[in-house]
Amino acid sequence: MTLLAKASPSFKYSYTIGNQAVPPAHGFSGPVSVAVANDGLLYVLCSYYEYVPAWKFVVKCNMDEDYIKHFGSYGEGSGQFTWPNSIAVDSTGNVYVTDEWLNRISVFDGDGNLEKTFGTVGSKDGEWDRPSGIVFDSEDNMLVVDSLNHRIQKFSRNGEFISKFGEFGSGKGQLNTPWGINLDNDGNIYVADWRNDRIQKFSPDGSPILQIGSSGSGHGELTRPSGVAVDSEGYVYVTDWGNDRVQVYDQVGSYVEQFNGDCHGYSKWAEARMASDPEGMSAERAVVTDFTIERVFFQPTTVRIDNEDRILVVDTGRHRIQIYEKQYN
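All residue numbers for the sequence shown refer to the numbering used here, where the first residue is 48 and numbers rise by one.
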């Protein structure tokens, strides 16, 4: 892994993808996770409301804000979701979605056609209770956060159990309702230890290495962290869900910076929507004098890094993704 630069970076807002809309309109509805495929395509998992009509679907788009398609719907049938949590893409381009309520993973091809589902509820090896975060390692093995069993399990991409680590507790290496998961370039595993208000770093074999953060709202402190990502230089990004912000740490877990959302202007999809309703939405917005509240994050859930080290923040409560870039002054 590249050593950290001597100067600390800053983080600049770039642009926004998305607005609130449901199929067939172009937009997101309660986005909770995003996967960045090797070809730069994005798969955005949406999970809005638990009552009818509930909207659960995946949007396929790209970083240039081109809307390609959507797939999936609310329900318990094949290709449907009830409580979808996280999304990941393997090396072949297949898309994997965890569903906490149905205790299963649904696998789609890159065009959204269902390939298979698998999962058994329980606490034995290979079983799970409320699967949440999911990520693939360099060997295409699948790491799944087994939230209510307070552990991480490793599977082949076909669903065969390989190994596990973690147990309930607040000590080193222990977990309490973990949520998000990600890897660095060396294969180390980072887990958003949700109810322990920290990030834990593990070696590829599951040995605990480092704890980041503690409970609170000050710099470096966390309240129910939900997602984590690591860039090419080793900076660690955490969606501090309970504090409505993203915090950045260095390789040794020291606080570097935070950003709270700085959306300004409209996404391409929002611009098109406004143009289609000039006497409605546009007129209503014309009388608003302060858009401050609209700029900031509201319950950001997931953070991802693309192959250009751009930072994608899933701004769940605002139905969008805010894009940031790292800079050195």
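All residues carry an ideal CB built from backbone N, CA and C; glycine is no exception.
Small disclaimer: the values here were computed from a predicted structure and weren't measured.
Residues near Glu304 in its chain [Cβ-Cβ closer than 8 Å; skip 5 each side]: Within its own chain, the residues whose Cβ lies closer than 8 Å to the Cβ of Glu304, once the five positions on either side in sequence are excluded, are Ser55, Pro56, Ser57, Phe58, Gln294, Val295, listed in chain order.
Who are the Cβ neighbours of Asn19 in its own chain at under 6 Å, not counting the five residues just before and after it? The chain is shown only over 48 to 376; residue 19 falls outside these bounds and no answer can be derived.
Go ahead and pull the three-state DSSP assignment for Glu268. Of the three classes helix, strand and coil, the one that applies to Glu268 here is coil, per DSSP.
Can you find a heavy atom of the ligand HEM that lies under 8 Å from the Cβ of Thr63? The ligand HEM is absent from the structure shown, which contains no ligand whatsoever.
Between the alpha carbons of Gly234 and Asn85, how many angstroms are there, rounded? Rounded to the nearest angstrom, the two C-alpha atoms are 17 Å apart.
How about the segment 193-203 and the segment 347-366: do they share at least three Cβ pairs that are nearer than 8 Å? The segment 193-203 is not in contact with the segment 347-366.
In chain order, what residues of the same chain lie with their CB nearer than 8 Å to the CB of Asp176, ignoring the 5 residues before and after it? Cβ neighbours of Asp176 beyond the five flanking positions: Asn150, Val168, Gly169, Ser170, Asp193, Ser194, Leu195, Asn196.
On a CA-only basis, which of Gln247, Gly77, Pro255 is nearest Val283? Give me that one, please. Checking every option, the nearest Cα to that of Val283 belongs to Gln247.
Comparing C-alpha positions only, which one of Tyr96, Lys163, Tyr371, Pro100 sits nearest to Trp130? Of the candidates Tyr96, Lys163, Tyr371, Pro100, the residue whose Cα lies closest to the Cα of Trp130 is Tyr96.
Spatial neighbours of Asp156 within its chain, please: CB distance less than 8 Å, with the 5 preceding and 5 following residues excluded, ordered by chain position. The residues are Gly140, Asn141, Val142, Glu162.
Is it true that the CB of Ile370 sits closer than 9 Å to the CB of Met110? Contact flag set, yes.
Under 9 Å between C-beta atoms of Ile368 and Ile64: Yes, they are a contact pair.
Note down the Cα distance separating Lys373 from Arg357, rounded to an integer number of angstroms. Cα to Cα, Lys373 sits roughly 7 Å from Arg357.
Whole-Å CB distance - Arg342 paired with Gly308, under 8 Å assumed: Arg342 to Gly308, Cβ: 6 Å. Contact.
Secondary structure, beta strand (DSSP E): runs of 3+ residues fully inside the segment 124-150: Within the segment 124-150, the complete beta strand (DSSP E) runs of at least 3 residues are 131-136, 142-146.
Can you tell me whether DSSP reads Leu188 as helix, strand or coil? Correcting the residue identity first, residue 188 is Asn in this sequence and not Leu. When secondary structure is reduced to three states using DSSP, Asn188 falls in the coil class, being assigned neither helix nor strand.
Sorted by chain position, which residues of the same chain lie with C-beta nearer than 7 Å to Ser250's C-beta, five sequence neighbours on each side aside? The answer, listed in chain order, is Asn235, Ile256.
Rounded to a whole number of angstroms, what is the C-alpha to C-alpha distance between Phe118 and Thr349? Put simply, the backbone Cα of Phe118 is about 20 Å away from that of Thr349.
Roughly how many angstroms lie between the CA atoms of Phe104 and Gly312, to the nearest whole one? Approximately 26 Å between the Cα atoms of the pair.
Beta-carbon separation (whole angstroms), Ser179 vs Trp148, contact threshold 8 Å: With a Cβ gap of about 11 Å, Ser179 and Trp148 do not count as contacting.
Cβ atoms of Val144 and Leu222: under 9 Å apart, would you say? For Leu222 and Val144, no; Cβs fall outside 9 Å.
Does DSSP put Ala82 in a helix, in a strand, or in coil? Strand at Ala82.
For Glu123, the nearest candidate out of Asp137, Lys201, Ala101, Ser138 (CA to CA): The shortest Cα separation from Glu123 among Asp137, Lys201, Ala101, Ser138 belongs to Ala101.
With Ser76 and Val69 assumed to form a contact (beta carbons below 8 Å), what rounded beta-carbon distance in angstroms separates them? That pair is a contact at about 5 Å.
Quick check: what's the CA-CA separation for Ser314 versus His73? Looking at the two C-alpha atoms, the distance is approximately 11 Å.
Can you tell which of Trp288, Trp316, Gly267 has its C-alpha closest to the C-alpha of Tyr302? Closest option to Tyr302, Cα to Cα, is Gly267.
Quick one: residues in its chain with C-beta nearer than 6 Å to the C-beta of Gln127, no 5 flanking neighbours on either side, listed in chain order? Closer than 6 Å at the Cβ level, and outside the excluded window around Gln127, lie Ser120.
Are Gly253 and Gly213 closer than 9 Å when you measure CB to CB? In this structure, Gly253 sits near Gly213, with a CB-CB distance shorter than 9 Å.
Ordered along the chain, which non-local residues of its own chain (more than five positions away) have a Cβ less than 8 Å from that of Asp137? Setting aside the 5 residues that flank it on each side, Asp137 is surrounded in the same chain by Tyr143, Phe183, Asp187, Met189, Arg204, each with a C-beta closer than 8 Å to its C-beta; the list follows chain order.
Given a cut-off of 9 Å, decide if Phe165 and Ile181 are closer than it, judged by their beta-carbon atoms. Taking 9 Å as the cut-off, the Cβ atoms of Ile181 and Phe165 do not count as close.
Just to confirm, is the Cβ distance from Phe281 to Gln258 under 9 Å? Just to set this straight, residue 281 is Gly in the shown sequence, not Phe. One thing to note: Gly281 has its Cβ no nearer than 9 Å to the Cβ of Gln258.
Tell me the DSSP secondary structure of Asn376 in three-state form. DSSP, read as helix, strand or coil, puts Asn376 in coil.
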